[in-house]
Each structure stands twice: as structure tokens, then as C-alpha cells.
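Inspection log for the structure reproduced underneath, given as C-alpha cells.
Protein chains in written order, with the working numbering: chain L, 745 to 1019; chain S, 94 to 407.
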């Protein structure tokens, strides 16, 4: 008998996706029903039509698309920079016990620290522009990727590192040719966590810092709509933030992770069974 | 069967959500007000600390919340969690224009506001280069509208600086200016204005009154129309307490400085100097409502014009 915990077969996944769309439609209907029945102030709950009109206006006549592109460029840039930095840290960590325990301490200290808690220091170090927001994004991304990647490298079968010794590979070459491919599933898990953290950090940073550059991103759009009391625009920007987060997480990253896992095996596998 | 279960859950949840969104009022022998931190709010803080609100309306319990900015006050009043709060005239007008049911009922403070820069070679608005960022509390704030008014008059374009703004709280703006970041100008109010003018090379390039073209009230007290209609006695008491705080500050600057120095974490002498100066004066009539509205209507920040009697409680 199948239950909700049955394996995620293709049929299940198809049904699951359809159920989500149904739930979404149900929530929208519920929104409109509550609004109409309760007579709640439209400044609190604007009509769905107004929100959608605002969304369409923002896309075709407003700055929503440009702001979305700027947000994506910054977050993806930060994600890429954070990933490269994490790789460098993993290589440094593999140089010896001292480096490994030092970086482990730093990551334990920094990983739970919200980027926004560093805000006053960030203003002093980087000012308030793009470098400051990039710093917040990189901080959000770096530690989960580092922790995941390092654990992937550590869990590699000794035979793999043995090959590196036989082939007399250098530290960096060993990482690129053996450790990184061997711990790819871990890296992808880290990037997924990093994406979620960086997306939230970026939106929050912009709402606190103000616009990044001349244009500003989606966080600025939210803040601007809030202070100018444009509630439909606020909800439409929120919708874009939620849908982007969901699309990136579930459509792009989850599929990428599934494909990598099918090819390379689960995180924690030795990697010997891959291909 | 599963569908029926889900429908039942929805039917149970819906009335709860309706209740959540509509349960905005509570029994009113309690008055809930939002206080903000800053010298312009001193009449409110002094009256609260001295217990004058309780004295003016003895049978009423006062609850105080701390708000970070005008938007928070506006949202809390909209949600029915606050009876009143304090803010600049432009955020009040924006709320009124968008349908907020609230009315201005008292002047709290007039203040010397100003745009300070540390950028060499910038002595007027026209000298501000395109890549220079100007920090102020938020779009739609009194500082933003004053900057737009001055830009309109001096440069013929109210929105010329809109893409060069950066939103920072007053303390963060001061930090950014002192740290030599890309923020080279800050539109601020006392005591940050005085502190910034002490930074080497810093100077005032725009004065608030000059930008407005006369005197105006910086902070006003705003109350929800529900509260105004249903609690006239409490409202009158709150207005009396604010005026009492304002009169006390105007008439006893040294005593007020000694009393409030700890609260503001400032040296008593510095606070006394500010209270004695023309940088701040408290209470009086609400000034500048009509001119702010006219400008904001003309430049598209507002859509609907209102009469003075709809905007200010007699």
C-alpha cells in the first residue's frame, strides 16, 4: 500500500507537482474569499487582481525585470565567489592538522552568524554599496559549502587518495582531479544550502542597506513599496521573491543534485560505485 | 475520503483566519502608543518618564511600543495594534493618501535638519557629482521630500537625486560618513547633524528651512480615526501630556538635559547646549502641512489632495 512516504517514483513526483499547483490555486481562492467575506482593509489584503495588475505593470512597464536581473546577478556572483573560496579553504585545510583545526574553528564560529549581525562592521569596512552586499552574500554561502565539501573530501575512500600518491599529484591537482569529483554530491548539497541562505541574506541586506547601485534589486523594491505604502506592489514583489526562490531551489538545483547523485552516488558513498 | 478531510480542515481554518485578520480592536481603557528614539521625540519621552500621561488620563492604562520608523508605526496602526504614533509630515500624508484612516492631532517638534557633505568641492546641490551617494532615512521621509523640494527649486528636477539615495538610519549614516565610504552626504537631524558638522571638512550645504522655504513641523502626533472618535477624553489627555512635555522642555532646558541625559546616553552639557540652541523647539501648531501636500501632489508622490481640516484635528 502506498503512503505519502512511498519512494519518489516518476508517477509520485508528477502527482506531487500537480497537488502543489492545486494547493496554490486553493490558497489564492482562500485569499480572495477571506478578503471579501471579512471586509478586511485592502491596505492589509489587496484584491488579487490588483496584485496581478501590479505584477504585470512591474514586468512590462516598471523596473521589476531589471531589478530581478540585478538581484540574480549579485546572488549568483556571490555564490560563485563563495564556492571558489570554499574550495580554496578545503585545499588549505588538507595541508595539515593545524590548518584543518583552525579552519574548523573559524567555520564553527562563522557558520551560525547571520550576515546582518555584521552590518555595522561591514559599513565600516566596505561602505554601503555593492561590495558590502557581496560580502554578506559570500558570508552566507561560504560556510555551508565549505562544511559540506570538507566532509565530502574526508569521506572519500582511501584508495582515491592512494591513486593521487601513486600518480604523484600535487595538493591542488589532487583536489581538482580526485577530491572534487569524488565529493561532487556534497558540493551540490552545499550549493543548495548556500543558495537558500544567500537569497535570503541578499533580500534582507537590501532592505536594511538600501539600494545596491543606482537601480537596486528586489529587496529594495520590497522596501520602497513598503515605505511608499504601495501594498499591491509589495505583494507582487514578495511573489517574485518566493517564486524565484522556489524555482531555483526545486527546478534547477534539486534536478541538478538528483542528476549528480544518480551519476556519482549519494553523499557519504565512497564514490567507488560511481559510473 | 482524503478530499473530504482536506475540505473539513479548510472549513475549520477559514473562520480562524478571518478572525485573525479582523480582530484588531481591544477594550479601550488602554491606550497603546509607539515611541521612537531621538531628540525630536523628547516631549513624548519626557511626559512618559515623568508620568504625565497617567496624570492627565488617570483611569487609563498606557502601553508603549518602540518603533524603528514611520512605516512601522503606520503598519501597526493599520493592524489595529496601535492607537497613535509620531512621525514626519510626508509619511503621514503618504498614508492618508493611500487610504489610512488617521489624523494628525499635535505638533511634537520643529527641528533644524540639514544635508551635510564631506566631499571637497561640493558647496551647493548643483555641485553634487552623479556618482555621489546621499544617505537619508528612507524614500518618502521628510528628508527625502525636503531634498526633492530644494532640487526642484534650484535645479528644476525634483527627482534628480532619487537614484543616488541610500537608505540608512541616522546612526548608520553618521558611521558611513565618518568611515569615508562612498556615502559623501547625509540628510539628518539633531543630534547627528551637530555630530557630523564636527567631522573635519564636513559642512552644511542645505538647511531644512531653506529647502522648504520657511518653517515647518518636523514631528507630528498621529492617531487612528477609530481612537479619535471613540475616545475623545483619552485623546485630549494625550494631547495635553505632549504639550506639557513640550512646554517643560522649552522652559527648562537645563533641568530637562539633566533629567534626559541618561535616557539619551549623552553628556548633560551637550544635551543642554542642544536644548538651548535653535536646533530644536517643541510643541506649538502644526506648520507646513499644506505646502508639503501641494509639492507632493505636484511631483506625483501623492494622488489625492485633502483639505486642511481633514488633515489636522482642530
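All residues carry an ideal CB built from backbone N, CA and C; glycine is no exception.
Next item on the list: Would you identify the three-state DSSP class for residue 375 (chain S), choosing helix, strand or coil?
Entry: Of the three classes helix, strand and coil, the one that applies to residue 375 (chain S) here is strand, per DSSP.
Item checked: Residues, ordered as in the chain, of the segment 272-300 of chain S that lie near chain L by beta-carbon distance below 7 angstroms -> Shown in chain order are the members of the segment 272-300 of chain S whose Cβ falls below 7 angstroms from a Cβ of chain L: 272, 274, 275 and 276.
Item checked: Under 8 angstroms by beta carbon: chain S residues contacting residue 968 (chain L) -> Under the 8 angstroms cutoff, chain S gives 232.
Check: If you draw a straight line from the alpha carbon of residue 143 (chain S) to that of residue 181 (chain S), how long is it in whole angstroms?
Finding: Whole-angstrom Cα-Cα distance: 24 angstroms.
Notebook entry, point to check: At a cut of 8 angstroms, does the segment 878-897 of chain L reach the segment 824-841 of chain L through at least three beta carbon pairs?
Noted result: Yes, they touch.
Next item on the list: State yes or no: is the C-beta of residue 939 (chain L) within less than 7 angstroms of the C-beta of residue 950 (chain L)?
Entry: For residue 939 (chain L) and residue 950 (chain L), no; Cβs fall outside 7 angstroms.
Item checked: Where residue 816 (chain L) meets chain S, residues with beta-carbon distance less than 8 angstroms -> Neighbours of residue 816 (chain L) on chain S: none; closest Cβ ~20 angstroms, over 8 angstroms.
Next item on the list: Note down, in chain order, all residues in the segment 967-992 of chain L with a beta-carbon under 9 angstroms from any beta-carbon belonging to chain S.
Entry: Taking 9 angstroms as the Cβ-Cβ cut-off, the segment 967-992 of chain L approaches chain S at 967, 968, 970, 971, 972, 973, 974 and 975, given in chain order.
Next item on the list: Find the nearest neighbour of residue 862 (chain L) within the set L:838, L:852 and L:876, judged by alpha-carbon distance.
Entry: Ranking the options by Cα distance to residue 862 (chain L), first place goes to L:876.
Note to self: Can you check whether the C-beta of residue 813 (chain L) is within less than 7 angstroms of a C-beta belonging to chain S?
What the structure shows: No - not a single Cβ of chain S is within 7 angstroms of the one on residue 813 (chain L).
Item checked: Contact list for residue 873 (chain L) against chain S, beta-carbon separation under 7 angstroms -> Residues of chain S passing the Cβ test: 275.
Checklist line | Residue span of the beta strand (DSSP E) that contains residue 158 (chain S), given as start and end | finding: In the DSSP annotation of this structure, the continuous segment of the beta strand (DSSP E) that includes residue 158 (chain S) starts and ends at 154-159.
Check: Helix, strand or coil for residue 936 (chain L) per DSSP?
Finding: Residue state, collapsed to three classes: helix.
Checklist line | Cβ shell of residue 211 (chain S) (< 7 angstroms), same chain only, five flanking positions each side left out | finding: Contacts found: 270, 277, 292, 294 and 295.
Item checked: Of the listed residues S:339, S:193, S:198 and S:184, nearest to residue 239 (chain S) (C-alpha basis) -> Closest in C-alpha terms to residue 239 (chain S), from the list S:339, S:193, S:198 and S:184, comes S:184.
Note to self: Suppose you measure from the CA of residue 380 (chain S) to the CA of residue 401 (chain S); what does that come to, to the nearest Å?
What the structure shows: Put simply, the backbone Cα of residue 380 (chain S) is about 11 angstroms away from that of residue 401 (chain S).
Checklist line | residue 143 (chain S) - DSSP class collapsed to helix/strand/coil | finding: If DSSP states are grouped into helix, strand and coil, residue 143 (chain S) belongs with the helices.
Item checked: Nearest-angstrom Cβ-Cβ length linking residue 128 (chain S) and residue 138 (chain S), presumed shorter than 8 angstroms -> Approximately 7 angstroms separates the beta-carbon atoms of residue 128 (chain S) and residue 138 (chain S); this is inside 8 angstroms, confirming the contact.
Next item on the list: Tell me, please, whether the CB atom of residue 191 (chain S) is closer than 7 angstroms to any CB atom in chain L?
Entry: For residue 191 (chain S), the answer is yes, since a Cβ of chain L falls inside 7 angstroms of its Cβ.
Checklist line | Meets three-Cβ-pair contact criterion under 8 angstroms: the segment 363-381 of chain S and the segment 325-343 of chain S | finding: The segment 363-381 of chain S is in contact with the segment 325-343 of chain S.
Next item on the list: Express the C-alpha separation of residue 858 (chain L) and residue 866 (chain L) in angstroms, rounding to a whole number.
Entry: The alpha-carbon of residue 866 (chain L) is positioned some 12 angstroms away from that of residue 858 (chain L).
Checklist line | Alpha-carbon spacing of residue 984 (chain L) relative to residue 131 (chain S), whole angstroms | finding: Straight-line Cα distance between these residues: approximately 36 angstroms.
Item checked: residue 370 (chain S), DSSP secondary structure in three states -> Coil, per DSSP.
Check: Going by beta carbon distance, what residues of the same chain come within less than 6 angstroms of residue 908 (chain L), once the five residues before and after it are set aside?
Finding: So the qualifying residues of the chain are 918 and 922.
Check: Identify the residues that DSSP records as bridge partners of residue 195 (chain S): which are they?
Finding: S:317, per the DSSP bridge assignment.
Check: What residue from S:316, S:265 and S:236 has the CA that sits closest to residue 300 (chain S)'s CA?
Finding: Put simply, of S:316, S:265 and S:236 the residue whose alpha carbon is nearest the alpha carbon of residue 300 (chain S) is S:236.
Margin query: For chain S, check one thing: does any of its Cβ atoms lie closer than 7 angstroms to the Cβ of residue 878 (chain L)?
Written below: No - not a single Cβ of chain S is within 7 angstroms of the one on residue 878 (chain L).
Notebook entry, point to check: If we ignore side chains and look at the alpha-carbon of each, how far apart do residue 388 (chain S) and residue 974 (chain L) end up?
Noted result: Cα to Cα, the separation comes out at about 19 angstroms.
Next item on the list: Return the chain-ordered ranges of every alpha helix (DSSP H) run that is complete within the segment 807-869 of chain L and spans a minimum of 4 residues.
Entry: Listed in chain order, they are 808-837 and 841-854.
Next item on the list: Closer than 8 angstroms by beta-carbon distance: list the chain S residues that pair up with residue 787 (chain L), in chain order.
Entry: Those are 171, 191, 192 and 193, listed as they occur along chain S.
Margin query: Alpha carbons only, please: which of L:988, L:995 and L:998 is nearest the one belonging to residue 813 (chain L)?
Written below: Nearest C-alpha to residue 813 (chain L): L:988.
Next item on the list: Go ahead and pull the three-state DSSP assignment for residue 783 (chain L).
Entry: If DSSP states are grouped into helix, strand and coil, residue 783 (chain L) belongs with coil.
Notebook entry, point to check: How is the alpha helix (DSSP H) around residue 985 (chain L) delimited, first residue to last?
Noted result: Residues 975-990.
Next item on the list: Output, in chain order, the set of chain L residues within a Cβ distance shorter than 8 angstroms of residue 392 (chain S).
Entry: None at all; the shortest Cβ gap to chain L is about 13 angstroms.
Margin query: For residue 164 (chain S), would you say it is in contact with chain L, using Cβ-to-Cβ distances shorter than 7 angstroms as the test?
Written below: Interface residue, yes.
Check: Quick one: Cα of residue 784 (chain L) to Cα of residue 778 (chain L), how far?
Finding: Their Cα atoms are separated by approximately 8 angstroms.
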